[in-house]
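One structure below.
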Amino acid sequence: MSQKLDLEFINLTKRYGATVAVDAISYHFATGTYACLLGPSGCGKSSTLRMIAGHETVSEGAVTLGGRDISHLPPAKRGTAMMFQNYALFPHLSVLDNVAFSLKMQGVETEKRHKRAGEMLELVDMSALSNRLPAQLSGGQQQRAALARALITKPDVLLLDEPLSALDPFLRIRMRAELKKLQRELGITFIHVTHGQDEALALADEIVVMNNAKIEQAGQTRSVFDAPKTAFVARFLGSHNVVKMPEGMVAIRSDALTLDTGESAKLPGTITNIEYQGTHVAVTAMVPGDQEVTALLSDHEFFDSPKEIGEAIGLGWEARAAQALAQ
Ligand code: ADP
Ligand code: MG
1 MSQKLDLEFI NLTKRYGATV AVDAISYHFA TGTYACLLGP SGCGKSSTLR MIAGHETVSE
61 GAVTLGGRDI SHLPPAKRGT AMMFQNYALF PHLSVLDNVA FSLKMQGVET EKRHKRAGEM
121 LELVDMSALS NRLPAQLSGG QQQRAALARA LITKPDVLLL DEPLSALDPF LRIRMRAELK
181 KLQRELGITF IHVTHGQDEA LALADEIVVM NNAKIEQAGQ TRSVFDAPKT AFVARFLGSH
241 NVVKMPEGMV AIRSDALTLD TGESAKLPGT ITNIEYQGTH VAVTAMVPGD QEVTALLSDH
301 EFFDSPKEIG EAIGLGWEAR AAQALAQ
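Using UniProt numbering, you'd call the opening residue of the sequence shown number 1 and step up by one each time.
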């Protein structure tokens with residue numbers, strides 16, 4: 001049995017002068033969770049991550065790991081490791097020496113640390129490039145080297161701040177699959193900061209949606225996506241329409257909307273845009289209250305009875321597809 005090393009925030013707060021960057025957030029991550037902190041720029045994601053790592057002081061509250069308060073320990077004593085957005089590799093050191101660097105700082109002898117660095121490079125499939133300098137690597141290879149360097153300390157929690165943002169879209173999707181595979185193999189907790197909803201949905205077991213220094217909603221990724229509690233979460237996750245109905249505001253998934261002309265139509269609308277997306281067609285319509293909603297139809301559904309811009313339609317959905325929103 002591996003030791004339980006749950007990570008917990010207890011009223012965790014970060015202030016920079018008068019700015020409250022993280023406002024008394026509390027959350028519990030079970031050991032081995034792949035969690036994404038998701039939210040718009042400036043909402044406090046990086047500050048949260050840096051407080052876990054010990055690169056930023058905790059203003060109030062605590063971070064605990066395995067029940068132990070780590071808030072005031074030096075970074076190297078926390079059982080965490082950080083992978084930075086720009087990888088922060090030393091340009092004058094070989095890949096092998098970059099990976100071995102933290103062991104060198106700990107006074108581990110050359111042969112031993114090179115052996116261990118070699119194992120880490122094997123883990124990320126970089127053995128063949130161990131003698132290169134960072135400048136001689138592609139973006140994806142630099143990322144793997146940075147991962148190996150973070151993992152060599154055998155952290156219980158790996159912290160990743162926008163780890164894929166420097167990569168082109170194609171590589172980003174490939175590397176995200178590799179990150180997920182690596183996390184499954186290692187079985188340790190990954191806390192991954194991103195402002196990309198696709199990335200969070202693809203990777204996270206649990207998602208923590210942040211807004212204005214607070215946790216807006218958190219939980220298992222699918223339950224958050226299926227049942228957003230606020231308009232902010234529904235809009236930020238995307239693929240949802242936020243609609244003001246006479247009975248209150250609701251979120252309705254775009255793929256749950258149907259074009260109905262009969263009695264089952266709940267809203268009349270006029271088509272304002274039709275976007276072909278290959279497997280799907282996105283039909284946007286203006287509905288009462290000067291609101292636009294988008295229905296995502298399968299290509300068959302659309303092309304079996306194609307519509308045109310300007311056409312009057314009805315929009316329908318199953319009652320259970322509408323999620324009441326708090327605001
Ligand atoms: P995110 O990573 O979600 O973009 P950050 O945690 O970087 O958000 O920033 C949260 C807030 O704290 C922002 O308003 C930002 O301007 C502010 N902030 C971040 N770092 C500092 C700092 N070192 N000094 C002062 N303000 C900061
Ligand atoms: Mg950030």
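Glycine included, each C-beta is placed from N, C-alpha and C at the ideal position.
Exercise for the section: Using only the heavy atoms of the ligand ADP, determine whether one of them is closer than 7 Å to the beta carbon of residue 46. Expected result: Sequence index remark: in the sequence shown, residue 46 carries index 46 (1-based). Result yes, Cβ under 7 Å from the ligand ADP.
Exercise for the section: Would you list, in sequence order, the uninterrupted beta strand (DSSP E) runs of no fewer than 3 residues that lie entirely inside the region 40–79? Expected result: 60–65
Handout entry: Check whether residue 6 and residue 79 have beta carbons under 8 Å apart
Key = By one-based count along the sequence shown, residue 6 stands at place 6. By one-based count along the sequence shown, residue 79 stands at place 79. No, they are not a contact pair.
Practice task
Classify residue 82 as helix, strand or coil using the three-state DSSP reduction.
Solution key: One-based indexing of the sequence shown puts residue 82 at position 82. Strand, per DSSP.
Exercise for the section: Closer than 7 Å by C-beta to residue 316: which residues in its own chain qualify, once you throw out the five before and the five after it? Chain order, please. Expected result: Translated into positions along the sequence shown, residue 316 becomes position 316. Once the five neighbours on either side are set aside, the close Cβ partners of residue 316 are 258, 260, 264, 265, 266.
Problem - Bridge-paired residues (DSSP) for residue 313 - result: Working through the sequence shown from its first residue, we reach residue 313 at position 313. BP columns for residue 313 point to 269.
Exercise for the section: Counting only runs of 3+ residues fully inside the region 207–236, write out the beta strand (DSSP E) ranges in chain order. Expected result: 214–220
Exercise for the section: Inspect the CB distances between the region 87–94 and the region 52–64 and report whether three or more fall short of 8 Å. Expected result: no
Problem - Collapsed DSSP secondary structure at residue 4 in the structure displayed - result: Walking along the sequence shown from the start, residue 4 turns up at place 4. Note: residue 4 maps to coil in three-state DSSP.
Exercise for the section: Report the three-state DSSP secondary structure of residue 131 (helix, strand or coil). Expected result: If you number the sequence shown from 1, residue 131 lands on position 131. Coil.
Problem - Proximity test, residue 226 beta-carbon vs the ligand MG heavy atom, cut-off 7 Å - result: Reading the sequence shown from its first residue, position 226 is the one you call residue 226. No; taking the cut-off as 7 Å, the Cβ of residue 226 has no heavy atom of the ligand MG nearer than that.
Handout entry: Backbone CA spacing between residue 2 and residue 205 [nearest angstrom]
Key = Walking along the sequence shown from the start, residue 2 turns up at place 2. Walking along the sequence shown from the start, residue 205 turns up at place 205. Bear in mind that a pLDDT of 47 at residue 2, under 50, signals an unreliable position, so the model cannot answer this.
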